[in-house]
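Residue numbers for the sequence shown, in UniProt numbering: 1 to 344. Built from N, CA and C at the ideal position, the CB exists for glycine as well. Here the structure is a predicted model, which is why all the values come from computation and not from measurement. First comes the structure, then the notes that go with it.
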Amino acid sequence: MKNRAAFVLENRKMEIRDTAMPEMHSDEVMIRMKKIGVCGSDVHFYEHGEPEFPDVYPFILGHEGAGEVVEVGSSVSHLKVGDRVCLEPGVPCHTCEWCTSGKYNLCPSVYFPSAPRALGMMRNFITHKADLCFKLPDNVSYQEGALIEPLAVGIHAVRESGIKMGQSATILGCGCIGLVTLLALKAAGVDDITVVDIHDIRLEKAKELGARHFINSSHVDMVRAVKDIYNDIGPDFIFETAGNKVTASNSVPMIKRGGTIMIIGNVVGGTPIDLQMLGNKEATIKATFRYRNIYPSALNALSSGRINVNSIVSDFYKFEDTQCAFENSITNKATVVKAMIDLE
Numbered sequence: 001m002k003n004r005a006a007f008v009l010e011n012r013k014m015e016i017r018d019t020a021m022p023e024m025h026s027d028e029v030m031i032r033m034k035k036i037g038v039c040g041s042d043v044h045f046y047e048h049g050e051p052e053f054p055d056v057y058p059f060i061l062g063h064e065g066a067g068e069v070v071e072v073g074s075s076v077s078h079l080k081v082g083d084r085v086c087l088e089p090g091v092p093c094h095t096c097e098w099c100t101s102g103k104y105n106l107c108p109s110v111y112f113p114s115a116p117r118a119l120g121m122m123r124n125f126i127t128h129k130a131d132l133c134f135k136l137p138d139n140v141s142y143q144e145g146a147l148i149e150p151l152a153v154g155i156h157a158v159r160e161s162g163i164k165m166g167q168s169a170t171i172l173g174c175g176c177i178g179l180v181t182l183l184a185l186k187a188a189g190v191d192d193i194t195v196v197d198i199h200d201i202r203l204e205k206a207k208e209l210g211a212r213h214f215i216n217s218s219h220v221d222m223v224r225a226v227k228d229i230y231n232d233i234g235p236d237f238i239f240e241t242a243g244n245k246v247t248a249s250n251s252v253p254m255i256k257r258g259g260t261i262m263i264i265g266n267v268v269g270g271t272p273i274d275l276q277m278l279g280n281k282e283a284t285i286k287a288t289f290r291y292r293n294i295y296p297s298a299l300n301a302l303s304s305g306r307i308n309v310n311s312i313v314s315d316f317y318k319f320e321d322t323q324c325a326f327e328n329s330i331t332n333k334a335t336v337v338k339a340m341i342d343l344e
């Protein structure tokens, strides 16, 4: 078997090269990768690098993956050669206080493919811990399997929010994470959903997926527009998925008294928050990080038809065109919601 990988050599330079086959351990399986989604964090690394790791190159990105098991470790009993699987990427230590309390997504020693220095999944063959590989139901495709990872982010945020049927939600940002949050809210029975973005194309996609109200914040004051929809009192919940200081700051004047703001997007650097207003409203700000114990229920949601993620994919690329996928994700942000790499 021949292994090839998409190596990032420097900012905005990528090359497909031969690479060694991965080593196998007894608790792992080897997987022939079939589909890999391009995450926003992958695009950020490709474009800007990581200042803390200037010597990490050549580096392999990718953590949204699905593929076929081609080899099974000696201690693995629940998987066999030929099984179709999706991969939960983060490998926790299992011994720290967060792992032992069930919050393994907060493990400070997690090995997360595509996060320096852990090589990612954009290669033909990888090995992965078998207990983090989940069989795909027969009616779930490899593409859907690769989309389980971002979907898990949205489901985790909705679960942690505590939102209930009949309550209202506003999603700030209609990129991939905003859209999977929308899908998770709809699956949880939440129908009164407002979406905010600066691109009409993304707002149209949110409309297709079931959002009720739409605001292009490049044309109007987002706080005023959202409050107008909710009789000047604001929504019960806000899900900040844009990772933007402006939307994060505006969530406080926007939220209903006693409401909850969920921070899902990666808002970089210091962000001004009006704590006096937050306190006067007795509102809550809560953050979520990745996900935990979500993959089985996410797969069930796809298999049962409660959630359909396929329409989130906007662009499709062959493995040889991986750099094009990244370049288009940078230069065409208005239209590229999710790029999918095909290794089949």
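Here P108 has C96 as same chain residues with Cβ atoms under 7 Å from its own Cβ, once five neighbours each way along the sequence are excluded. CA-to-CA, the gap between D83 and P22 works out to about 19 Å. For Y291, the closest C-alpha among the options A206, E149, K245 is that of E149.
DSSP places T247 within a helical segment (H, G or I) once states are collapsed to three. Rounded to whole angstroms, the gap between the alpha carbons of I263 and G102 is 21 Å. Bounds of the beta strand (DSSP E) holding C133 are 133 to 135.
Straight-line spacing of the CA atoms in N332 and E204 works out to 16 Å. Distance from the Cα of V196 is smallest, within the candidate group G189, V190, A187, A206, for A206. Using a C-beta cut-off of 8 Å, the stretch 277 to 291 makes no contact with the stretch 130 to 144, since fewer than three inter-stretch Cβ pairs fall below that distance.
Straight through space, the alpha carbons of E71 and N280 are spaced by roughly 58 Å. In this chain, the alpha helix (DSSP H) harbouring S303 covers 295 to 304. Apart from the 5 residues on each side of it in sequence, F316 sits with its Cβ closer than 8 Å to the Cβ of A339, M340, D342 in its chain, given in chain order.
Using a 10 angstroms sphere on the CB of K2, the tally of other CB atoms stays under 16, which defines it as exposed.
Residues A184, L185, A188 of the same chain have their beta carbon placed closer than 6 Å to that of V158, with the five preceding and five following residues left out of the count. Considering only F59, M14, A5, K35, the residue with the shortest C-alpha distance to C324 is M14.
In the DSSP annotation of this structure, the continuous segment of the alpha helix (DSSP H) that includes Y46 starts and ends at 40 to 48. Collapsing the DSSP output to three states places N266 in coil.
The stretch 75 to 94 makes no contact with the stretch 158 to 170; the number of CB pairs closer than 8 Å stays below 3. One alpha carbon belongs to E240, the other to S74, and they sit about 44 Å apart. A direct Cα-Cα distance of roughly 19 Å separates S314 from L302. I171 and S217 have their alpha carbons spaced roughly 12 Å apart. Closest by C-alpha distance to P272, out of R257, K245, G259, I294, is K245. In the structure shown, the three-state DSSP call for D274 is coil. In summary, S114 is buried, with 16 or more beta-carbon neighbours lying within 10 Å of its beta-carbon over all protein chains present.
Secondary structure of G259 (DSSP, three-state): coil. Counted as a single uninterrupted DSSP element, the alpha helix (DSSP H) harbouring N328 occupies residues 322 to 331. Around the beta carbon of H219, a 10 Å sphere encloses fewer than 16 other beta carbons of the protein chains shown; the residue is thus reported as exposed. Taking C-beta atoms as the reference points, T181 and G210 fail to come closer than 8 Å.
With 16 or more other CB atoms across the displayed protein chains lying within 10 angstroms of its CB, M121 is buried.
Taking all protein chains shown into account, V8 has 16 or more neighbouring C-beta atoms within 10 Å of its C-beta and is therefore buried.
In this structure, DSSP gives N216 an extended state, which the three-state scheme calls strand. For V76, the CB contacts under 7 Å within the same chain, skipping 5 residues up- and downstream, are D27, V29, A130 in chain order.
The distance from the Cβ of D236 to that of G259 is about 5 Å, consistent with a contact at the 8 Å cut-off. Looking only at I36, T19, V43, R32, the smallest Cα-Cα distance to N328 is reached by V43. By the neighbour-count definition (other C-beta atoms within 10 Å, threshold 16), I330 is an exposed residue.
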